[in-house]
Every structure is written in structure tokens, then in C-alpha cells.
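Student:
Residue numbers (the working numbering), protein chains in the order written: chain A, 46 to 536; chain B, 414 to 894.
1) Please list the residues of the region 405-417 of chain A that have a C-beta atom closer than 8 Å to any C-beta atom in chain B, keeping them in chain order.
2) For residue 536 of chain A, which of helix, strand or coil comes out of DSSP?
3) Please classify residue 878 of chain B as buried or exposed, where buried requires at least 16 other C-beta atoms within 10 Å of its C-beta.
4) So, is the C-beta of residue 512 of chain B closer than 8 Å to a C-beta in chain A?
5) Going by beta-carbon coordinates alone, are residue 572 of chain B and residue 548 of chain B separated by less than 8 Å?
6) Of all the residues that make up the region 456-490 of chain B, which are near chain A by a beta-carbon distance shorter than 8 Å?
7) Can you list the beta strand (DSSP E) stretches of 3 or more residues lying completely in the region 478-525 of chain B, in chain order?
8) Where do the ends of the beta strand (DSSP E) carrying residue 756 of chain B lie?
9) Contact defined as beta carbons within less than 8 Å: I believe residue 632 of chain B pairs with residue 609 of chain B. What is the distance between those atoms, to the nearest angstrom?
10) Rounding to the nearest angstrom, what Cα-Cα distance links residue 838 of chain B and residue 859 of chain B in this structure?
11) Secondary structure at residue 462 of chain A, three-state DSSP: helix, strand or coil?
12) Find the residues of chain B that neighbour residue 176 of chain A, judging by a C-beta separation of less than 7 Å, and give them in chain order.
13) Quick one: complete beta strand (DSSP E) runs, 3+ long, within the region 412-443 of chain A?
14) Measuring only the C-alpha atoms, how far is residue 56 of chain A from residue 238 of chain A?
15) In chain order, what residues of the same chain lie with their CB nearer than 6 Å to the CB of residue 857 of chain B, ignoring the 5 residues before and after it?
16) Could you compute how far the alpha carbon of residue 611 of chain B sits from the alpha carbon of residue 307 of chain A?
17) Beta carbon of residue 496 of chain A, beta carbon of residue 480 of chain A: below 8 Å?
18) Can you grab the Cα-Cα spacing for the pair residue 376 of chain A / residue 390 of chain A, in whole Å?
19) Determine contact between the region 410-419 of chain A and the region 347-362 of chain A, defined as no fewer than three beta-carbon pairs at a distance below 8 Å.
20) Flag residue 463 of chain A as yes if its beta-carbon sits less than 8 Å from any beta-carbon of chain B, otherwise no.
21) DSSP state of residue 560 of chain B, grouped into three classes?
22) With three or more C-beta pairs closer than 8 Å as the rule, is the region 378-395 of chain A touching the region 485-501 of chain A?
23) What first and last residue would you give for the alpha helix (DSSP H) that runs through residue 456 of chain B?
24) Closer than 6 Å by C-beta to residue 475 of chain B: which residues in its own chain qualify, once you throw out the five before and the five after it? Chain order, please.
25) Could you tell me the alpha carbon to alpha carbon distance between residue 327 of chain A and residue 514 of chain A, rounded to whole angstroms?
26) For residue 790 of chain B, which residues from the same chain have a beta carbon less than 7 Å from its beta carbon, with the 5 sequence-adjacent residues on both sides left out?
27) Quick one: does residue 148 of chain A have its CB under 8 Å from some CB of chain B?
28) Pull up the distance between the alpha-carbon of residue 63 of chain A and that of residue 269 of chain A, whole angstroms please.
29) In this structure, does DSSP put residue 696 of chain B in helix, strand or coil?
30) Output the distance between the C-alpha atoms of residue 868 of chain B and residue 888 of chain B, rounded to the nearest integer angstrom.
31) Quick one: list the residues of chain B neighbouring residue 346 of chain A, beta-carbon separation under 9 Å, in chain order.
32) Distance, Cα to Cα, residue 255 of chain A vs residue 702 of chain B?
33) Would you grab the beta carbon distance between residue 796 of chain B and residue 803 of chain B for me? Rounded to a whole angstrom, and I think it's under 8 Å.
34) Is the CB of residue 244 of chain A under 8 Å away from at least one CB in chain B?
35) By how many angstroms is the C-alpha of residue 107 of chain A removed from the C-alpha of residue 97 of chain A?
36) Under 8 Å, CB to CB, which of the residues in the region 224-241 of chain A have a partner in chain B?
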């Protein structure tokens, strides 16, 4: 049942063939069976079962919400009242938030049942989920490989068939990249669509919540649940149209799909290039028109991002000082050593690296050369997209240059790890919505994702094209071997 | 004391004034002073993970009001930046402030100096949040942190380096102190830290164009300390240079107990605040309609009011300045004048001497007086139309103070109406004269002051109700002079 679509599960909940309590029990058992994947930092069995009972009561009362009683899991970056919010870090490994993030509150208000908090790179800094204080998450397609990151746990929770949908966050690709590496549909909406209230900040001008699902339709339903204006977030967009489903079935005849020539260069694994071109041809068969477009400043995305995001992070993470909450160093003699020891012991290597880079970029004497320069590049990248969207309605390209790397293969080489974000970071720099959907399987047996990039607030169009592609192909229905072998036909 | 004639002093002030908002600048927590430590803190103030600031619109409007009051440019688009530094009473480890584009641009105020009026330029005024408080010494070997003040809205008002003596600096500070309270943007309470300043001081030989190296004295919270700190600093710098030394750019603290300034940190030790735009707060836009609404609501400023009081109420410059100094007293005076037939001079006298006496005795503020402006005007009307004498009016005021009713009610209830019927007074006068033949003789022998005795007797006999003027006239007539 758990590997069925959200709509199908929802139907079963409503026709009485399944209760939310049963569904929740199944999800918790499935999580336990897959404990070796390390997708979760905490499971919240008691609360989940209580919420499921409430959802069942609501359904009995005639609640027709397709999300009522559906199980999900939140990335451990979202603050949750009464249960641990670690953000994958030792420094918050004892932190219980007194309040719920808006995303958490919104899904709870829809009677969704959260079974736990998913593993992630520490403070969302990483592309492999290996920088987590709680150890790496494994890719269910091949456990010798990483699931991508930083929302690796959230992706694996769906990919391994534990929950049908989950929440993640995407600062430089952290939803789209693990979605690609785990064979999922994952969408990051326009910056400002989803409230950041209660989402532990990494780089505030980039951070945006997103969702994972096994189809475009499932992600559309889930995305609707978390979007919306929030007066608690000053960067939140007012008066949003939050209907991502009514255009799903629209045909895509005449839609101009742009293929950026810079996205198909020597950086890209040739196998992935072929798969994405094949997908583009499939879309052409559905009536779309393919146009080559130019995003001349694409190669500046990584350097620009890795100045600005660490700069913001260095300031955002300064509050973790051991004074008011979180883990404080046991030994210190004075204020200075309290700070130094707490932060030295509490943060992992990658986080420290980015704090140092960011602090440097903001320092007097370097600010103009790094921070200001990078802001100018950011503007150029925005302008590139602006020009591109005059020639096409949607942009298509690969999500990642490679399939999922092996554990330990890139996390000790920061620059090559950063380069894995080459196609995803530019959207965060511009604040544009983007989605990764399964496009094929590479020769190594691992999934390949393709990225659909829309103009601002054009999530409906992205989801429409993704859904039409999924109606015509079955890449999104493929499941990891371990998952199908172990659970094939069980439900 | 002032600088030697061959030295010129250059002073600029940065004033931090707490804006009178109910809630904090970026959170909904209360700003009320004096709560138990850490009880007025929201998740935003404590800087819990995941919290975000939301600008308090009222704080921005108060800043605009200030800008309009000093004739400054109000920037319709202003920006928020982060000032990064670690300290336990700064929970986020950054202060949100306006760095690039402040809400208030250039303006000016006029001060009185010994040489006459002088314009002091204001460079800018920007919004920022206050930090919490560190409490040293109360806990063995540890420092207590009270975050109640964290996030209190501040307007930092930065002057041009236009002041040339400690006296001018104090005059400017007082001017601003009056202004912020007048326009109602701050209570200006210096003891509670609602109004405090940093002073930038340098000296240069007279005639030199370039400024000397400046020292900044931090966080001075009384007019007296500002004057003393600046005087000390001027002398220190001049002595230093005259002895062949050099002033170093540094931050100093004033110690009122020793009346001296001490180095806190030098330029080399200065923080690198790593200012950058706060990505959580987009630039703030204030539309023209809002600015015009605030302009229309702006109260009449002290200078204009003083001029008007001289013209409309015939007050002297000195009286006008005194009554206008506090907005509450000016409002009281004006309301009273507009509601009584008594002359403004009488109103002023009763406000200051009689009501003022009761207020001082009770140790309360004018605004909390149980006798308000309308009530006092009612009393002064009865004085004006001779219903009661001044003496009786004082008794009536005392009863009004005690909540026994309006002037008319008390006069009616106690039958205090003045006797102005000549025949009734004449009867009393005749009786008195008959009773005191010796005193009559004395008077007629030339002891003019005996008239006072007779008036007193008449007042006594009438229980204070006889019109003393009439009694006086009748006495003189009947005594034959």
C-alpha cells in the first residue's frame, strides 16, 4: 500500500479499506525494516499514532481532504514542538523547539501524520547526507551509494516506500538533487512561496522548502499544503495562487521547451546527457517545441553561490553559541573559550569550512571583492534566465552531472562535491522554481533525473509538463531493487 | 571651563532613543520596562533556530515622525543590515540595524548658545534593535543575562560634527530630548536607558581644516555626565598633544565615580562587524500617503508654540518657554486658557503656584493631576466673575483635588458664593466699626494700615465670602476718607 500513489492511498482511507492508524503502523514498521538506510534521525511513534487516530475520526466525520490521514516525514531542519530538531548537528542534538515551523503546522492542520524527522547534512550543508552528526543515509537503489543531499533522509523515506510524500529544503539543490539520485519527483517552488518560519536557516536568501513524492501529481498535492503567505516571514509572497493540480492534464502542444547549451557540456556525464535528450524527444512527441537557449553565465553559479551562501550562513549560525540552548562545551574558562570550545566541538568539518569562508567573504577589505562581486554575478544570472524565458516557456536540463556517488567518494573533496550542484544552484540564486523528475536509469543501474525550470510562480506549468511526461513514460514508477524485492506484492 | 583659545573642539553625538512602541521592533514581545528578567522574550528575541524578524510598522512611523520634525529627508526605501559580533546579551550574534540607507536622511535642529542661535546638522537617523543586559557580579563567577530589552526599537540619531563645546553638546542633547518627547516618539527616560548617547570628540589647532583624531565615549546617560565626560576628554586630548603625544582613535568609557574616561578598545582591537544586507528583511518602503498622514498628525513643535503663546496669550518669552518646555504643561495651559474667561497670566499663575504646589506635594505628574485643565478653567471662571475670592478659590481647589466635585458644585454645596450685595456688606462694616471704637480712633489718627484689620474682620464675619474690594471701599467711605 505504501508504494501506491498518494491519491490511491487517499481513496483507500476514504472508502474504509484502510485506516490512517493502519497506514501509520505500516509506515513505522517499514521505517524499522529499513533502519539500515538511516533515513530518520527520530521517529515519533506515539504522536504519529495519536495523530492517525485523530485523522481517522476526521475521515469518519466526512473529511474529504486528500491529505487527511496520509503519512509523511519532515526534514529535521523544521522545528517541531516537543520532539528533537537537530538539523543533523551535534550542537542541536538536545534541542527541543517550543514551537512548530509553519510547514509543520500547515501539514498538521491538514491532518497529515508525521512519523518522524529525516536525516540530513549538518545544517543542510552538503550534497550527500554524509555530514550528518547522525551518520550517512544510504541510497536504497544501491546502499554503497549516497542518496544525495542535503535532504537525503527525506528522499530515502519516500524512495524506500516508507512514506508517499515528505518535506525537504533546497538551498542549492537539496531537494532536486536527492530526488534525481533516488529516482523521485522533487520540487522546489519559487522563493517566497513557502514560509521559512521555523526552518533552521542556512542561507536565508536561498532557503526554500520543497517536497518529494513518487509522481508529479503527488508532489503537486503536497506542495499545495505547504505553500502560502505567512506574516511571520517578511520574504513570504502575498496573494499566491496555490492551485497546482487543475493544469496537470492540460496538453503541452506548442509549449516551447528550452535546452540550455551550457547544461550539456563536458561537465555532464555523457550517459545522463543521452537520457535527458531522449526525454526531450519524448516531450517533443507530446507536442512541445524544443529550442536551444543560452544561459551564458551558468558557470558562474557555483563560485557565486559558494560566496553568498556561506556568507549568510556564517551570520545565521552565529546564534549557536552554547549560551541559551543546544550543546555547550563541558570545559571552558571564560566567555571566549565557551564560544570557541562549544563551536569547535559542536560543528562538523563542512559547517566550519563554510562559516570560515563566509566570514572571510564578509570581512572588511574583502567584502567588495567577494560579497559585492558575487551579488553582481547573481544579478547577471537572474538576467540570463529573464532573457531565456523570452524565448521559451520552460527550461529542461539534467539535474546533476553524475548519478549518485559512492559513500566517501566526494565528501572529502569539497570542490568536486560543490560542482555536483552546478545545474541546481542557479535557480536558488535567481529564486526560480525547479523540479527534478526521473528520466531514466544509467548503465550503473542508478536513477537519472531531469530538471524542469519554470519562470517565477510557474509551478503549475512545471507540474503540468512533469505530469504529461509521466503519463507517457514509466521511469517514475521504477523502484529500487531492494525495495521491490523485499516488499514486492506484500501489501 | 572651556578649551584654551588656541584649540578648537569638534563634537558629534550619536543619540540612541528608545521608541515608544508597545511591542518590540521585530517580535510581538512587550517592551514594558521593569519586568522579571527574561519574561518579556519571544522565540525571536531569544534567537531560537528558525525564527524570523518582522518589522514593527509603528516603530517605522515614529522614525518618520522624527524625520519630519527635523525637516529631514525621509527615505521611502530604506534597508536593514546585520552588524555581526558575539556577545551573550546579543542572542543572534548580530544586531539588525540600518546601515546603507537609513529611514531618515539629513536634517537639522537649532540650539541656543552663548553666542546666539546655532544650527546643528543631523547626518541621519536609523532604526535598530537594542541588545539585552549583562548582569555582572550578581552570580558567583558568572554573568547573568536578561533579554527583556533585546529587540527594543531604537532610533539612532547621528549629528554632524557641528558642536564646538561641551555646553553646545548638552544644549543639543537637551533639544533632542525635548523634541523626542514632544513629538511622542520616546519617553526619554534616561535612568531607564531610553535616551543615551555616544560622543565623538576631537580637538584641532584653531584654523586647521582637517579634523583631529577622534575618540568615542560610549553610553553616557545623563546631561551632567555628558558635559563632564566631554570636558574631561577635551582636556585629556589637549594635554596629550601639547605634551608631544598623539590622540589614538579608540572607544572610551566615562566613569562618573572618578570623573574620567578610560580606554575600552583601540581601533586595532575594533570589531569587524561584517555588515551585510539582512536577507530576512527586504528593503522597507513607506508610501507618500503614509508620510503625509504622519506629517498631518505631527504636533506643533516647541519653537512655533512659544511664538504663538507670546502672540496669542501675551506671555513673556521666559514664561512661554517654561510652559512649552513640556508638551503636557503646554497642552494643559492652552486647554485651560481656551475654556476660561480668566486671563492667561492668571491661568499660568494658578497652574504654577496653586495646582503646581499640590502636584509637587503629591509627587505626581501633571498628566495624573486629579484636577484637569477643564476643571481648573471652571474654577478660574468663578474667580474671574467674582463669585468667589482668591482665598476661597484655593479652598475650592483643595476640595476639587480631593475629588469633591467641580468648582461650581463645591461653591454651591458649601455656600461659598461671594457676597457682593453692597447693603449686606455695609451692614457688616457698620457692625465691625461699632465693635472696635479704639481701632477706629487709631485709624482716624492717621494709622492707615488699620484698614487691613477692618477688612480682615469683615472677611472673618462673612466667612470669607464678602468681596474684599467692596469691603475696602465701604470701610474707607464710612471711616470718612
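For each residue, glycine too, the CB sits at the ideal point set by N, CA and C.
Tutor: The short version:
1) 407, 408, 409, 412 and 416
2) Note that residue 536 of chain A scores 32 on pLDDT, short of 50, meaning its location in the model is unreliable and no value can be drawn from it.
3) buried
4) no
5) no
6) 456, 459, 460, 461, 462, 463, 464, 465, 466, 467 and 468
7) 494-497 and 507-510
8) It is not in any beta strand (DSSP E) - residue 756 of chain B carries neither H nor E in the DSSP assignment.
9) 6 Å
10) 24 Å
11) helix
12) Within chain B, no residue comes near residue 176 of chain A; the closest Cβ sits about 17 Å away, beyond 7 Å.
13) 439-443
14) 28 Å
15) none
16) 55 Å
17) yes
18) 11 Å
19) yes
20) no
21) coil
22) no
23) 456-459
24) 432 and 598
25) 8 Å
26) 749, 752 and 753
27) no
28) 24 Å
29) coil
30) 8 Å
31) Within chain B, no residue comes near residue 346 of chain A; the closest Cβ sits about 18 Å away, beyond 9 Å.
32) 39 Å
33) 6 Å
34) yes
35) 15 Å
36) 241
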